[in-house]
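Colleague: Let me give you the structure first, and then I'll get to my questions.
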Amino acid sequence: MRSDWRRPTLAQHEQATTVPGGVGAGTATQDILVLSGVQAGYGKKHVVFDVDLHLRAGEIVTMIGHNGAGKTTTLKTVFGMLPAIGGNVTYQGEDITHSSCRRNVLRGMSYIPAERFVFGELSVLDNLRLGALHEGSREVRDTRREKVHGMFPLLRERAAQRAGTMSGGQQRMLSLGLAMMAAPKLLLLDEPSLGLAPALVAEIFDGVRRLADEEGLSVLLLEQNVGQALRIADRAYVMRAGRIILEETAEQMRGRKDYWDLF
Amino acid sequence: MSSVTLDNFLQLTVAGVVAGSAYALMGVAFGLILSVTGRFHFAFTFTYTISAYLASQVGESYGLPFWLSLIVGAVAGAVFGVAIERFVYRPLAAKSGVYALLVIFVASLGLAIMGRNLIALAWIDSASKQITGFTNAGYNIGPVTLTKLGIIHVVVAWVLVLLLGAVLTYTGLGRVVRAVRVNPDMALVVGVDPKTVYLAVFAIGSFMGGVEAVLSATQTAAQPDMGFTPLFYAFVVAFLAGLGSHPVRVGLVGLSIGLVENWSALFMSSRWTSLVVFGILFVYVALRPVQMVSLRRRLRPAQA
Amino acid sequence: MELQISYVNSILIFSIFALSLNLLLGYAGQVSVAHAAFGAVGGYSVAFLFLQHGVDLLPGLVVGVVLSALVGVVVGLPALRLSTEFLILLTLAAQTIILTLVTTSSNLGGTYGLQGVSGLSVFGRKLLKPSDLLPVFLVLAVVVYLLVRRLGESPYGRVLRGIREDEVACRSLGKNVFTYKLTVFGVTAAMAGLAGGLFVVQNGLASPSLFSFDQSTAIVAMVILGGTGNLVGSILGATVLVLLTPFFDSALNFTPERAALWRLIAYGVVLVIVMLVRPQGLLPEGTTLLRLGRRLLARRATPAPGSVPAMGGVRLPQQQVRSALVEPGGLDLDRDAHALTELAHHGDLPDTVVSTGHRGDVVLSVSGLSKRFGGVVAAEDLNMELRQGTITALVGPNGAGKTTVFNLLTGAIRPDAGRVTLNGQDISGLRPDQVADKGMVRSFQDVRVFPRLSALDNVILAIQGQPGEHVGGLFLRPGATSRAERDAHDKALEWLSFVGMDSMAGLPAGALAFGQQKLVALARVLATEADVVLLDEPASGIDQQWVEVMLGLIEQLREKGRTICIVEHNLHDVGRLADHTYFMELGRITAQGSFEELTGEKRLAEAYFGTA
Numbered sequence: 012m013r014s015d016w017r018r019p020t021l022a023q024h025e026q027a028t029t030v031p032g033g034v035g036a037g038t039a040t041q042d043i044l045v046l047s048g049v050q051a052g053y054g055k056k057h058v059v060f061d062v063d064l065h066l067r068a069g070e071i072v073t074m075i076g077h078n079g080a081g082k083t084t085t086l087k088t089v090f091g092m093l094p095a096i097g098g099n100v101t102y103q104g105e106d107i108t109h110s111s112c113r114r115n116v117l118r119g120m121s122y123i124p125a126e127r128f129v130f131g132e133l134s135v136l137d138n139l140r141l142g143a144l145h146e147g148s149r150e151v152r153d154t155r156r157e158k159v160h161g162m163f164p165l166l167r168e169r170a171a172q173r174a175g176t177m178s179g180g181q182q183r184m185l186s187l188g189l190a191m192m193a194a195p196k197l198l199l200l201d202e203p204s205l206g207l208a209p210a211l212v213a214e215i216f217d218g219v220r221r222l223a224d225e226e227g228l229s230v231l232l233l234e235q236n237v238g239q240a241l242r243i244a245d246r247a248y249v250m251r252a253g254r255i256i257l258e259e260t261a262e263q264m265r266g267r268k269d270y271w272d273l274f
Numbered sequence: 004m005s006s007v008t009l010d011n012f013l014q015l016t017v018a019g020v021v022a023g024s025a026y027a028l029m030g031v032a033f034g035l036i037l038s039v040t041g042r043f044h045f046a047f048t049f050t051y052t053i054s055a056y057l058a059s060q061v062g063e064s065y066g067l068p069f070w071l072s073l074i075v076g077a078v079a080g081a082v083f084g085v086a087i088e089r090f091v092y093r094p095l096a097a098k099s100g101v102y103a104l105l106v107i108f109v110a111s112l113g114l115a116i117m118g119r120n121l122i123a124l125a126w127i128d129s130a131s132k133q134i135t136g137f138t139n140a141g142y143n144i145g146p147v148t149l150t151k152l153g154i155i156h157v158v159v160a161w162v163l164v165l166l167l168g169a170v171l172t173y174t175g176l177g178r179v180v181r182a183v184r185v186n187p188d189m190a191l192v193v194g195v196d197p198k199t200v201y202l203a204v205f206a207i208g209s210f211m212g213g214v215e216a217v218l219s220a221t222q223t224a225a226q227p228d229m230g231f232t233p234l235f236y237a238f239v240v241a242f243l244a245g246l247g248s249h250p251v252r253v254g255l256v257g258l259s260i261g262l263v264e265n266w267s268a269l270f271m272s273s274r275w276t277s278l279v280v281f282g283i284l285f286v287y288v289a290l291r292p293v294q295m296v297s298l299r300r301r302l303r304p305a306q307a
Numbered sequence: 007m008e009l010q011i012s013y014v015n016s017i018l019i020f021s022i023f024a025l026s027l028n029l030l031l032g033y034a035g036q037v038s039v040a041h042a043a044f045g046a047v048g049g050y051s052v053a054f055l056f057l058q059h060g061v062d063l064l065p066g067l068v069v070g071v072v073l074s075a076l077v078g079v080v081v082g083l084p085a086l087r088l089s090t091e092f093l094i095l096l097t098l099a100a101q102t103i104i105l106t107l108v109t110t111s112s113n114l115g116g117t118y119g120l121q122g123v124s125g126l127s128v129f130g131r132k133l134l135k136p137s138d139l140l141p142v143f144l145v146l147a148v149v150v151y152l153l154v155r156r157l158g159e160s161p162y163g164r165v166l167r168g169i170r171e172d173e174v175a176c177r178s179l180g181k182n183v184f185t186y187k188l189t190v191f192g193v194t195a196a197m198a199g200l201a202g203g204l205f206v207v208q209n210g211l212a213s214p215s216l217f218s219f220d221q222s223t224a225i226v227a228m229v230i231l232g233g234t235g236n237l238v239g240s241i242l243g244a245t246v247l248v249l250l251t252p253f254f255d256s257a258l259n260f261t262p263e264r265a266a267l268w269r270l271i272a273y274g275v276v277l278v279i280v281m282l283v284r285p286q287g288l289l290p291e292g293t294t295l296l297r298l299g300r301r302l303l304a305r306r307a308t309p310a311p312g313s314v315p316a317m318g319g320v321r322l323p324q325q326q327v328r329s330a331l332v333e334p335g336g337l338d339l340d341r342d343a344h345a346l347t348e349l350a351h352h353g354d355l356p357d358t359v360v361s362t363g364h365r366g367d368v369v370l371s372v373s374g375l376s377k378r379f380g381g382v383v384a385a386e387d388l389n390m391e392l393r394q395g396t397i398t399a400l401v402g403p404n405g406a407g408k409t410t411v412f413n414l415l416t417g418a419i420r421p422d423a424g425r426v427t428l429n430g431q432d433i434s435g436l437r438p439d440q441v442a443d444k445g446m447v448r449s450f451q452d453v454r455v456f457p458r459l460s461a462l463d464n465v466i467l468a469i470q471g472q473p474g475e476h477v478g479g480l481f482l483r484p485g486a487t488s489r490a491e492r493d494a495h496d497k498a499l500e501w502l503s504f505v506g507m508d509s510m511a512g513l514p515a516g517a518l519a520f521g522q523q524k525l526v527a528l529a530r531v532l533a534t535e536a537d538v539v540l541l542d543e544p545a546s547g548i549d550q551q552w553v554e555v556m557l558g559l560i561e562q563l564r565e566k567g568r569t570i571c572i573v574e575h576n577l578h579d580v581g582r583l584a585d586h587t588y589f590m591e592l593g594r595i596t597a598q599g600s601f602e603e604l605t606g607e608k609r610l611a612e613a614y615f616g617t618a
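Right, dumping it as structure tokens:
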């Protein structure tokens with residue numbers, strides 16, 4: 012179902028600022044995800060020191076930054092894989108800062124990691140089935156699977172193949188299909204371009220954009236590949252050394268001559 | 004040492020099949036637990052032994068038929084297995100961080116010793132416990148003798164192994180178990196709670212071990228020490244087959260071990276045959292290529 | 007009276023067992039369940055030689071010890087590259103094999119063993135009663151204690167503990183981990199063999215039941231109870247577990263059968279409870295009789311203003327340790343980062359060995375370095391130079407192969423082709439510890455401090471050329487060892503002070519905050535005084551203030567003429583530090599030059615940030 016009203020036009024955006032938490036609330040669409048003052052890390056290792064960001068329903072927002080800037084840590088903390096050391100995460104108005112992964116999946120979040128993002132030793136079909144683990148009704152599961160097969164015909168062809176034996180790009184496709192099996196509202200996508208040949212990268216990103224448009228998904232996308240990310244994103248945050256240093260619309264960021272000073 | 008005759012060879016083959024089926028069952032059960040949960044569950048000896056003792060006890064006290072005693076014993080083993088995971092391993096894993104593997108192994112060792120001696124204490128007045136309700140019979144087929152118990156042992160073992168294989172491949176539970184084994188982080192991502200899966204795996208593995216214990220005790224009577232040797236054989240089978248292998252593959256490795264062990268009685272005294280098995284283990288561990296994924300990783304989901 | 011003495015004898019025997027296992031398990035971190043089997047080798051040797059050839063106790067023990075040592079080495083060889091679970095398996099197999107061998111060998115008495123092992127003599131005196139055995143056992147136990155203490159509480163022991171904590175990091179500091187492991191296996195097996203021989207003499211027979219898997223477990227229980235890395239604890243553990251027998255027999259008035267079972271139950275309970283409640287055992291690591299005595303005395307008297315550092319362990323003056331922040335990680339970042347920054351600018355760099363070369367000379371040269379993993383090209387035809395007194399940076403998008411380069415340079419991975427030359431010497435194909443020896447060290451992205459060692463011990467381990475780290479030097483040159491130890495202690499403190507961590511010197515490194523650990527790891531790497539220092543993401547995972555400190559320290563090092571190469575993802579930092587930069591893509595170096603030159607090239611921007 013196309014809902015153009017969910018993707019605010021650029022004209023509706025306020026001026027981008029360089030202060031974290033820039034684009035203010037009060038626009039027509041609701042925030043589906045809000046992070047405020049989030050700090051996170053792995054036990055002793057503090058990686059994220061202060062992150063404020065928000066994501067509106069139906070938006071594609073990308074977070075770019077160098078390796079080790081803390082993007083993945085932030086995502087994992089939102090999803091509940093890592094405990095937040097400080098700050099708050101709000102999803103559809105509900106505080107989910109200390110929620111478990113399972114709860115968040117039930118709430119409609121899907122997370123696709125940057126590496127090891129499928130069950131390599133299981134078949135494509137088993138992978139997809141696992142994506143819909145929490146859906147009780149068999150009918151609904153089958154319908155979703157049909158839909159995913161429609162989006163990615165390859166997955167129907169290769170149903171019995173061991174996921175790990177497919178190429179990188181095909182596995183990426185499977186990971187998207189897996190995520191869609193849960194019919195999520197929010198997709199947390201970590202560096203989908205990692206390890207992919209450049210030609211495939213464009214294809215994957217197109218696929219993400221298409222999914223978002225068709226399903227009305229909100230997407231928080233982490234990327235090092237700035238060019239591709241900005242192609243499909245509405246807004247961008249730049250993260251460096253554990254903090255957000257910049258927030259702009261995708262168009263503004265595209266206008267920059269180079270990105271060396273952001274990383 | 005038996006002389007190398009065809010008759011001896013065939014009889015030893017029969018013995019090897021029976022022994023190998025037992026090893027197969029143990030290897031599959033232990034391997035399932037270790038590959039999915041990463042716990043070096045030495046206390047398997049305890050759930051194994053208590054199954055046999057309880058089967059014997061209920062058979063004696065309530066006059067239950069053999070099959071019922073068997074099931075009661077195996078279920079009891081499953082209950083103890085789940086309890087150990089829930090009340091000992093889980094809290095230990097939570098507080099031990101990177102040292103979890105070692106800490107759990109030492110605790111498991113302690114439980115094994117405690118368990119074995121508590122059993123001996125509880126049944127201190129019985130020299131050994133027999134499993135009631137079963138009368139064995141022998142069948143002579145040409146040069147070889149098969150026993151009723153031996154046949155049942157082989158059939159039951161392989162039925163369970165194949166059943167587990169089927170469950171893992173075709174059912175939802177099996178899928179979830181394989182998911183946790185193969186990629187614990189990704190399992191979290193699809194919303195699986197590994198802790199619950201661990202309980203299920205301990206139940207299944209301990210049940211299978213319990214069945215094997217009762218069958219073994221039917222043959223030679225239950226003794227407090229009965230769990231150690233089978234566990235050591237389970238190690239050999241599970242590691243040789245490779246952790247995470249399909250149950251049928253593990254089973255076949257177990258069968259091979261049983262055959263090799265018994266066939267070597269053609270060339271050496273049967274007292275030495277167990278040396279062959281452990282010699283194989285030693286050589287395997289010494290020469291295997293550099294390890295793939297260490298168990299350590301399994302005990303730390305969702306890390307950088 | 008004789009009964010009581012026989013308990014003391016048992017305590018002495020099991021103390022030897024426990025002390026030797028502690029060296030292997032507690033200090034070196036090698037999990038072994040084969041200890042009783044090593045004892046069996048010694049015990050059966052003594053019994054066999056006495057019964058068959060009338061050999062006396064001491065010569066019999068010598069043979070037993072040598073044989074056990076050999077068996078220990080045979081078991082230790084495959085153990086060298088095994089992870090914990092496989093080591094357990096290996097030692098279990100060894101225990102079973104050895105026990106099966108002694109049980110089934112016809113000339114070793116089978117299940118009943120070799121009986122009638124009594125009336126051995128020592129220096130002409132026949133040993134018949136427990137009170138005859140006591141002096142012999144006592145002397146030998148004391149010898150073992152002193153030996154284990156010398157090995158464990160010394161520079162050598164510190165290396166063992168480093169191996170226990172993190173083998174990879176240990177190797178990167180120049181320690182040949184394999185030699186250490188093998189030696190420790192041999193030595194502990196030898197001591198277990200000694201204990202086995204005494205055990206046989208005490209019991210008057212050598213039987214499999216004396217050396218069963220149960221017995222191995224009992225010895226493990228003693229070590230665990232007393233605490234790993236803790237010598238007094240092992241003696242204590244042995245005492246407690248041996249005395250359980252009379253406790254259950256007489257005090258609780260059980261039948262012998264019940265008592266035996268309860269004793270074994272107690273062993274199991276001990277293991278479980280200790281793991282649940284206090285995995286590190288009863289006493290803290292490093293407790294020797296001397297320190298225990300000192301501590302007990304100190305409690306009575308007023309605390310001494312200073313204390314002499316004991317060999318191998320640094321005991322800083324009480325005030326200094328107390329003044330260190332009580333809550334590690336509970337730092338007031340602003341205040342302390344400021345203080346640290348001050349230090350970083352004003353702290354003195356320790357006098358290092360002045361390199362003979364000039365700034366700008368090529369110190370490390372790499373040509374044609376290549377490595378494939380299966381079909382994947384990790385590195386292809388790399389040509390690089392590192393010059394003295396400069397900071398070279400390696401940058402590139404994800405998966406470009408930067409960390410692989412460090413691994414190839416330091417020998418952690420073998421290259422398929424190419425040459426690496428350090429100070430004119432070809433170091434291609436050398437092991438990491440050899441490379442460190444030749445003058446190139448690296449830090450790790452995930453820090454890899456030795457968590458249970460103090461910050462100071464972490465750094466002392468890096469100081470090269472300590473005679474006490476080798477068995478020969480440790481025993482044959484005690485004077486040189488002490489002097490070197492004192493020097494190392496002082497130097498390590500200087501390096502810690504350079505990075506601003508000297509107030510934390512006595513704290514276990516694992517208790518420090520991540521940023522502090524990074525600084526300690528930096529001090530450690532610098533303390534090797536290697537010519538070339540490779541820093542893997544030195545500024546990652548820490549907050550801005552710490553990054554400032556780190557960068558400042560690295561710049562100081564450059565000023566002093568060190569050769570540094572860094573891998574960094576934070577281009578901001580790279581721009582500030584790098585004199586020369588290599589740009590890598592998919593395993594190849596595709597560009598090099600100054601940071602400004604590289605960022606000016608459009609093609610590189612596309613490679614790094616992707617095209618729209």
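Chains as they are written, first to last, in the working numbering: chain A, 12 to 274; chain B, 4 to 307; chain C, 7 to 618.
Note that beta-carbon positions come from the ideal geometry of N, C-alpha and C, so glycine has one too.
#1: Tell me which same chain residues have a C-beta within less than 7 Å of the C-beta of L422(C), skipping the five on either side of it?
#2: Measuring CA to CA, which of F184(C), N404(C) and I433(C) is closest to V165(C)?
#3: When you compare the region 72 to 91 of chain C with the region 184 to 194 of chain C, are there three or more beta-carbon pairs, one atom per stretch, that lie closer than 8 Å?
#4: Between A529(C) and L502(C), which are expected to be in contact by the criterion C-beta below 8 Å, what is the C-beta distance as a whole number of angstroms?
#5: To the nearest angstrom, how far is it from the Cα of Y637(C) to the Cα of A170(A)?
#6: Between the alpha carbons of A225(B) and F260(C), how many angstroms are there, rounded?
#7: Counting only Cβ-Cβ distances shorter than 7 Å, please list the residues of the region 232 to 244 of chain A near chain C, keeping chain order.
#8: Apart from the five residues just before and just after Y270(A), which ones in its own chain have a Cβ nearer than 6 Å to its Cβ?
#9: What is the rounded straight-line gap between the Cα of F520(C) and the Cα of V275(C)?
#10: Evaluate the contact criterion for the region 205 to 222 of chain C versus the region 94 to 113 of chain C: three or more CB pairs, one atom per stretch, below 8 Å.
#11: Would you mind reading off the limits of the alpha helix (DSSP H) that contains Y287(B)?
#12: Report the neighbours of N120(B) on chain C: residues whose CB is nearer than 8 Å to its CB, in chain order.
#13: In whole angstroms, give me the CA-to-CA distance for M120(A) and Y287(B).
#14: Give every residue of the same chain whose Cβ lies closer than 8 Å to the Cβ of G471(C), excluding the five residues on either side of it in the sequence, and list them in chain order.
#15: Could you tell me which chain C residues have their CB closer than 9 Å to the CB of S178(A), listed as they occur along the chain?
#16: Does the CB of A252(A) have a neighbour CB from chain C at under 8 Å?
#17: Can you list, in chain order, the residues of its chain with a C-beta nearer than 8 Å to that of R93(B)? Leave out the 5 residues immediately preceding and following it.
Modeller: Taking the coordinates as given:
#1: On the third sequence, residue 422(C) is found 416 positions in, with the first residue counted as 1. The question names Leu, but residue 422(C) in the sequence shown is Asp. Closer than 7 Å at Cβ, skipping near neighbours: S376, K377 and R378.
#2: Indexing the third sequence from 1 puts residue 165(C) at position 159. Nearest C-alpha to V165(C): F184(C).
#3: yes
#4: For this step, residue 529(C) is matched to residue 523 along the third sequence. For this step, residue 502(C) is matched to residue 496 along the third sequence. Right, their Cβ atoms sit about 5 Å apart.
#5: Outside the modelled stretch of chain C, which goes from 7 to 618, sits residue 637(C), for which no answer is possible.
#6: Along the second sequence, one-based indexing puts residue 225(B) at 222. Along the third sequence, one-based indexing puts residue 260(C) at 254. Spanning the two alpha carbons is a distance of roughly 25 Å.
#7: Q235, N236, V237, G238, Q239, L241 and R242
#8: The count along the first sequence starts at 1 and reaches residue 270(A) at position 259. Contacts found: V237.
#9: Taking the first residue of the third sequence as position 1, residue 520(C) is located at position 514. Taking the first residue of the third sequence as position 1, residue 275(C) is located at position 269. If I take the Cα positions, the gap works out to 37 Å.
#10: yes
#11: Indexing the second sequence from 1 puts residue 287(B) at position 284. Element bounds for Y287(B): T276 to L290.
#12: Here residue 120(B) refers to the residue found at position 117 when the second sequence is read from its first residue. Within 8 Å Cβ-Cβ: L267, W268, L270, I271 and G274.
#13: Within the first sequence, the letter at position 109 stands for residue 120(A). Within the second sequence, the letter at position 284 stands for residue 287(B). Roughly 45 Å between the two C-alpha positions.
#14: The count along the third sequence starts at 1 and reaches residue 471(C) at position 465. A490.
#15: By one-based count along the first sequence, residue 178(A) stands at place 167. What S178(A) touches in chain C: nothing, since even the nearest Cβ is about 12 Å away.
#16: Numbered from 1 along the first sequence, position 241 holds the residue referred to as residue 252(A). So yes, A252(A) belongs to the interface.
#17: Here residue 93(B) refers to the residue found at position 90 when the second sequence is read from its first residue. Excluding sequence neighbours, R93(B) sits near K198 and Y201.
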